[in-house]
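So the sequences go chain by chain: R and D. Residues 49 to 522 in the numbering used here are what the first sequence lists, from first letter to last. Residues 11 to 303 in the numbering used here are what the second sequence lists, from first letter to last. Some notes on the structure that comes next.
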Amino acid sequence: MKKLLITLLVSTFSFSAMADGHAEWWKKAGAPYAGTVLQGVAENTPPGQFAGEVLAKEFEALTGIKVQLENTSWDSMYDKAIKDMEANSGIYDFVYIEQDIVYDYLNRDFLVNITEGLANNPDLQAPGVSLDDFTTFIDYFKDGSGDVFGVPMEAFIKVYLYRKDLFEAADAKAAFRAQYGYGLSPATSFDQYRDNAEFFTHYCADNGMECWGTTVQGHTGHPASTYEFLESIGPSFGLYNWGVNMDSYQSCVENGGQLNGGRAKAALNFWTQLLPFAPPEALQSTWSEVGASFAAGRAAQGWVYGENAAWIATDSEKSAVVGNVGVMLPPTAPGVMTQAASGNGYIGYFDGGAYGIPHSSKNIEATMLWLQFIAQNEVQADWAIAGGRITHKATYADPKVMAVDEQADGYFTLMRDTGFLYAGAPPFPFHGAGRAAIDPFIYKALAGEMTPEEALDGACQALDKVMSDLGYQG
Amino acid sequence: MFSNNRTGWLLLSPTILILFLVGLVPFFYVLYVGFFKWNPLAVDPSMQFEGFGYNYRQLIFDEVFLSSIWRSIRFAVVTLFFELSLGFLLALSLLSSFPLKSFFRGVHTLPLVIAPIVVGSIFKLFSVQGLGPLPHFLKDFFGYTLNYGLNADQAFWMIVIMDIWHWTPFVTLTLLAGLSALPQDPYESAKIDGANNFQIFIYITIPMMVPVLIVVIFIRLMDSLKIVDEVWMLTGGGPGYATRFTGIHIWKEVFEKRFYGFGSAMSILYLYITIVICWLLYSVMVSRGKSED
Numbered sequence: 049m050k051k052l053l054i055t056l057l058v059s060t061f062s063f064s065a066m067a068d069g070h071a072e073w074w075k076k077a078g079a080p081y082a083g084t085v086l087q088g089v090a091e092n093t094p095p096g097q098f099a100g101e102v103l104a105k106e107f108e109a110l111t112g113i114k115v116q117l118e119n120t121s122w123d124s125m126y127d128k129a130i131k132d133m134e135a136n137s138g139i140y141d142f143v144y145i146e147q148d149i150v151y152d153y154l155n156r157d158f159l160v161n162i163t164e165g166l167a168n169n170p171d172l173q174a175p176g177v178s179l180d181d182f183t184t185f186i187d188y189f190k191d192g193s194g195d196v197f198g199v200p201m202e203a204f205i206k207v208y209l210y211r212k213d214l215f216e217a218a219d220a221k222a223a224f225r226a227q228y229g230y231g232l233s234p235a236t237s238f239d240q241y242r243d244n245a246e247f248f249t250h251y252c253a254d255n256g257m258e259c260w261g262t263t264v265q266g267h268t269g270h271p272a273s274t275y276e277f278l279e280s281i282g283p284s285f286g287l288y289n290w291g292v293n294m295d296s297y298q299s300c301v302e303n304g305g306q307l308n309g310g311r312a313k314a315a316l317n318f319w320t321q322l323l324p325f326a327p328p329e330a331l332q333s334t335w336s337e338v339g340a341s342f343a344a345g346r347a348a349q350g351w352v353y354g355e356n357a358a359w360i361a362t363d364s365e366k367s368a369v370v371g372n373v374g375v376m377l378p379p380t381a382p383g384v385m386t387q388a389a390s391g392n393g394y395i396g397y398f399d400g401g402a403y404g405i406p407h408s409s410k411n412i413e414a415t416m417l418w419l420q421f422i423a424q425n426e427v428q429a430d431w432a433i434a435g436g437r438i439t440h441k442a443t444y445a446d447p448k449v450m451a452v453d454e455q456a457d458g459y460f461t462l463m464r465d466t467g468f469l470y471a472g473a474p475p476f477p478f479h480g481a482g483r484a485a486i487d488p489f490i491y492k493a494l495a496g497e498m499t500p501e502e503a504l505d506g507a508c509q510a511l512d513k514v515m516s517d518l519g520y521q522g
Numbered sequence: 011m012f013s014n015n016r017t018g019w020l021l022l023s024p025t026i027l028i029l030f031l032v033g034l035v036p037f038f039y040v041l042y043v044g045f046f047k048w049n050p051l052a053v054d055p056s057m058q059f060e061g062f063g064y065n066y067r068q069l070i071f072d073e074v075f076l077s078s079i080w081r082s083i084r085f086a087v088v089t090l091f092f093e094l095s096l097g098f099l100l101a102l103s104l105l106s107s108f109p110l111k112s113f114f115r116g117v118h119t120l121p122l123v124i125a126p127i128v129v130g131s132i133f134k135l136f137s138v139q140g141l142g143p144l145p146h147f148l149k150d151f152f153g154y155t156l157n158y159g160l161n162a163d164q165a166f167w168m169i170v171i172m173d174i175w176h177w178t179p180f181v182t183l184t185l186l187a188g189l190s191a192l193p194q195d196p197y198e199s200a201k202i203d204g205a206n207n208f209q210i211f212i213y214i215t216i217p218m219m220v221p222v223l224i225v226v227i228f229i230r231l232m233d234s235l236k237i238v239d240e241v242w243m244l245t246g247g248g249p250g251y252a253t254r255f256t257g258i259h260i261w262k263e264v265f266e267k268r269f270y271g272f273g274s275a276m277s278i279l280y281l282y283i284t285i286v287i288c289w290l291l292y293s294v295m296v297s298r299g300k301s302e303d
């Protein structure tokens with residue numbers, strides 16, 4: 049609460065400074081829509097909370113337009129947004145578009161063309177706001193002609209987090225060297241990752257600590273586990289685009305795909321073999337629980353979504369490991385880094401989302417103002433600090449952000465310098481259907497009901513059937 | 011005739027209109043969609059008519075759907091058995107006097123007022139591995155490892171226990187109301203004739219309670235067959251397919267995979283199966299009741 053108040057004060061101060069420049073324009077532009085209430089729905093993330101609790105109030109104070117942002121669970125957010133857009137009911141004026149669903153939304157013509165909308169309404173174009181200020185993450189929300197359909201509000205990379213205090217403990221170093229014959233350090237290879245995980249599981253138990261060797265986002269009834277495999281573990285082994293052949297839309301090896309290929313099977317074997325070294329809650333953990341487990345000090349290392357990295361490293365009210373968090377790129381198989389650097393692959397997931405306007409919105413013009421308000425350079429630094437996200441190029445150089453970056457072991461710098469090694473989800477319009485076909489097989493592999501090999505053989509067949517049923521295989 | 015009934019029809023009309031709009035219209039729409047191949051994520055996102063039996067023929071060979079039906083029926087039978095047994099026992103107990111009876115009755119009824127999704131949350135917080143108190147308690151005192159994210163049987167039985175906890179009070183209260191309304195003459199006659207308590211229960215109480223039991227069984231059976239919320243919150247249908255009951259399976263087909271036509275056909279077929287089960291049960295109970303008369 050204290051932190052939120054401080055954030056509010058800081059924000060109010062900085063926004064007031066911003067408002068001095070263009071306050072009159074915002075007042076004038078907002079006047080025709082004063083009293084309008086904009087309804088939005090988004091996933092409940094720290095950046096979403098900042099938008100709803102801080103930015104929305106500032107926007108209302110300037111324009112008289114009220115923004116009610118419903119931050120809810122990931123499942124619920126999709127459920128509400130898609131039903132609203134399908135039924136054309138106009139309940140929501142703006143919706144959260146996660147990077148991986150944007151192709152589905154564009155394919156179904158759910159969203160308003162923001163570039164075109166602003167070009168057709170010069171009076172709505174806010175001074176000092178330029179879509180060119182965004183990082184390349186905005187490209188995911190453009191159509192083939194370069195028009196923008198969503199204003200990015202969060203972007204992260206999924207990084208490797210480790211506990212510095214554990215890795216630097218003298219007795220741990222000595223015991224590790226004695227057991228494995230080489231020095232203890234954060235993992236740069238999968239063998240080392242596994243050794244670290246095994247070692248710290250025993251080390252924690254021997255020292256009476258409630259901690260384990262690694263996180264595993266392994267919920268056996270939630271898509272989070274499939275995403276962890278397809279977007280993080282798989283790519284770091286060289287499994288790209290879910291193993292789908294992008295020309296033929298086939299995923300089984302015998303048909304030219306890779307989902308049940310050697311790299312995929314090696315990745316799933318590696319991942320499932322980490323379970324004995326993960327906290328007991330691993331099989332009921334989504335991305336949120338993984339973040340919470342790491343913050344509670346229950347894991348020595350792990351793949352953690354960037355939206356959680358900053359607060360785990362800096363927020364002592366929520367995290368027990370502040371000051372002890374190390375941030376690195378995750379380990380990769382030989383050759384993967386080279387492929388990623390040359391644009392022929394990627395090492396993990398560039399996560400994030402944007403706010404877009406459904407065609408069914410009854411307040412499109414007022415919502416255009418809101419989206420431009422959150423696109424201003426002036427609001428970005430405080431938003432980055434509160435939510436660990438960066439969507440503007442200039443934000444990296446902000447002194448406040450640089451100070452937090454130092455506390456977070458260079459997370460923002462890592463994102464700036466290595467973001468190009470990551471990629472968002474592949475451009476599948478059938479994203480949800482395809483993933484849902486794979487889910488049960490990943491769940492069964494995690495629960496030990498299938499071997500990784502059996503699971504991936506089944507998964508590729510199920511995915512191929514979906515792509516065939518939907519007409520993508522010609 | 012019509013003018014005599016006009017006021018009645020007028021009073022009924024809002025109800026009929028609402029039932030028509032929220033009951034019949036959606037039902038016929040789902041029935042209609044069920045005849046089409048339709049997925050908005052497809053290359054051709056339009057509704058395509060492939061013959062009346064297209065989706066239904068596929069369903070007959072859909073192992074996941076068929077197994078979800080058997081899982082749902084097994085779940086409904088198991089929960090019904092325990093809820094009826096426990097509910098009857100508690101209702102009989104509440105007929106007699108004992109200290110703090112009102113307090114117990116109040117506490118016992120509390121689960122009924124909790125929304126299913128909240129019940130799922132409560133059980134999740136209570137039983138999640140590593141953090142919930144139940145796994146710790148079972149491990150520390152009985153050496154038993156509870157991890158329903160890993161163990162399919164544990165996941166199924168956790169949901170059974172959750173449902174029993176949630177709905178037994180409903181059975182208790184309904185049966186209690188029925189028991190309280192039973193005439194006392196047959197009991198007095200039976201006692202004069204020398205019947206013991208067990209005989210009275212079997213030959214007097216149960217036969218007289220059949221109408222109430224039929225109502226309770228139907229309500230609980232239909233509720234159990236369409237369970238979604240609690241399971242969604244606790245296990246999400248996992249591990250694997252272990253708790254993917256038909257309601258959850260339909261949700262996933264319709265809202266995750268967007269197979270609207272196929273999912274609609276599933277809904278219709280499942281409704282038909284539910285009606286058949288209830289009709290069979292009703293026939294058996296009524297015929298048995300008649301033979302006992």
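Note that the Cβ used here is the ideal one computed from N, Cα and C, for glycine as well.
{"Check": "Measuring straight from C-alpha to C-alpha, what distance separates M498(R) and A218(R)?", "Outcome": "40 Å"}
{"Check": "For K51(R), which of helix, strand or coil comes out of DSSP?", "Outcome": "With a pLDDT of 46 at K51(R), under the threshold of 50, the modelled position of this residue cannot be trusted, and the question is left open."}
{"Check": "For I210(D), which residues in the same chain have their Cβ closer than 6 Å to its Cβ, ignoring the five residues on either side in sequence?", "Outcome": "A200"}
{"Check": "Short of 8 Å in beta carbon distance, which residues of its chain neighbour L291(D), apart from the five on each side in sequence? Order them along the chain.", "Outcome": "I227, F228, L231"}
{"Check": "If we cut at 8 Å on Cβ distances, does P193(D) have a partner in chain R?", "Outcome": "no"}
{"Check": "So D54(D) contacts chain R; which residues on that side make the cut at Cβ distance below 7 Å?", "Outcome": "G519"}
{"Check": "Which partner residues of L86(R) appear in the DSSP bridge assignment?", "Outcome": "V115(R)"}
{"Check": "What residues match up with T120(R) in a beta bridge as DSSP calls it?", "Outcome": "E91(R)"}
{"Check": "For P249(D), return the contacting residues in chain R, with the cut-off set at a CB-CB distance below 8 Å.", "Outcome": "T268, G269, L331, Y491, K492, L494, A495, E497"}
{"Check": "Which of the residues in the stretch 135-150 of chain D, read from start to end, lie with their CB under 8 Å from any CB of chain R?", "Outcome": "V138, Q139, G140, L141, P145"}
{"Check": "Can you check whether the C-beta of P50(D) is within less than 8 Å of a C-beta belonging to chain R?", "Outcome": "yes"}
{"Check": "To which residues does DSSP link Q332(R) through a beta bridge?", "Outcome": "Partner(s): none; Q332(R) has no beta bridge."}
{"Check": "In the DSSP output, which residue or residues are listed as bridge partners for E426(R)?", "Outcome": "Per DSSP, none; premise fails for E426(R)."}
{"Check": "Decide if K131(R) is buried, meaning its Cβ has at least 16 other Cβ atoms within 10 Å, or exposed.", "Outcome": "exposed"}
{"Check": "To the nearest angstrom, report how far apart V58(R) and D430(R) are at their CA atoms.", "Outcome": "Here V58(R) scores only 42 on pLDDT, less than 50, and its place in the model should not be relied on; the value that follows carries that caveat. The alpha-carbon atoms of V58(R) and D430(R) are separated by roughly 8 Å."}
{"Check": "DSSP has G350(R) in a bridge; who is on the other side?", "Outcome": "L209(R)"}
{"Check": "When we look at the beta-carbon of D152(R) and count the other beta-carbons within 10 Å, is it buried (16 or more) or exposed?", "Outcome": "buried"}
{"Check": "By Cβ distance, which residues of its chain are closer than 8 Å to Q407(R), with the 5 residues on each side in sequence left out?", "Outcome": "The amino acid at residue 407(R) is misidentified as Gln; the sequence shows His. Closer than 8 Å at the Cβ level, and outside the excluded window around H407(R), lie M133, N136, D157, F158, L159, V160."}
{"Check": "Return no unless some Cβ of chain C is closer than 8 Å to the Cβ of F152(D).", "Outcome": "Absent from the structure is chain C; the protein chains it does hold are R and D."}
{"Check": "So, using beta-carbon positions, are S409(R) and G112(R) closer together than 8 Å?", "Outcome": "no"}
{"Check": "Please list, in chain order, the chain D residues whose beta carbon lies closer than 7 Å to that of D152(R).", "Outcome": "L51"}
{"Check": "Starting from the C-beta of A314(R), find all residues in its chain whose C-beta is less than 7 Å away, skip the five residues before and the five after it, and write them out in chain order.", "Outcome": "F285"}
{"Check": "Can you tell which of V89(R), F107(R), A442(R), Q298(R) has its C-alpha closest to the C-alpha of K75(R)?", "Outcome": "F107(R)"}
{"Check": "Y402(R) lies in the beta strand (DSSP E); which residues open and close that run?", "Outcome": "The sequence given here has Ala at residue 402(R), not Tyr. Its beta strand (DSSP E) spans residues 398-404."}
{"Check": "Could you give the distance in angstroms between the alpha-carbon of E118(R) and the alpha-carbon of V85(R)?", "Outcome": "13 Å"}
{"Check": "Using the C-alpha atoms, what's the distance from G282(R) back to K114(R)?", "Outcome": "43 Å"}
{"Check": "With H, G and I counted as helix, E and B as strand and the rest as coil, what does DSSP make of M498(R)?", "Outcome": "coil"}
{"Check": "With the cut-off set at 8 Å, would you say Q68(D) and F272(D) are in Cβ contact?", "Outcome": "yes"}
{"Check": "Three-state secondary structure (DSSP) at Q58(D)?", "Outcome": "strand"}
{"Check": "Could you name the residues of the same chain whose beta carbon sits closer than 8 Å to that of H479(R), not counting the 5 residues immediately before and after it, in chain order?", "Outcome": "D148, I149, Y151, D152, A473"}
{"Check": "Under 8 Å between the Cβ atoms of T415(R) and I422(R)?", "Outcome": "no"}
{"Check": "Let me check one thing: in DSSP terms, what residues is K190(R) bridge-paired to?", "Outcome": "V196(R)"}
{"Check": "How long is the line joining the alpha carbons of W319(R) and V264(R), rounded to whole angstroms?", "Outcome": "8 Å"}
{"Check": "What is the DSSP secondary structure of E413(R), counted as helix, strand or coil?", "Outcome": "helix"}
{"Check": "Would you kindly report the start and end of the unbroken beta strand (DSSP E) that includes M376(R)?", "Outcome": "373-376"}
{"Check": "How about F133(D): is its C-beta nearer than 8 Å to some C-beta of chain R?", "Outcome": "no"}
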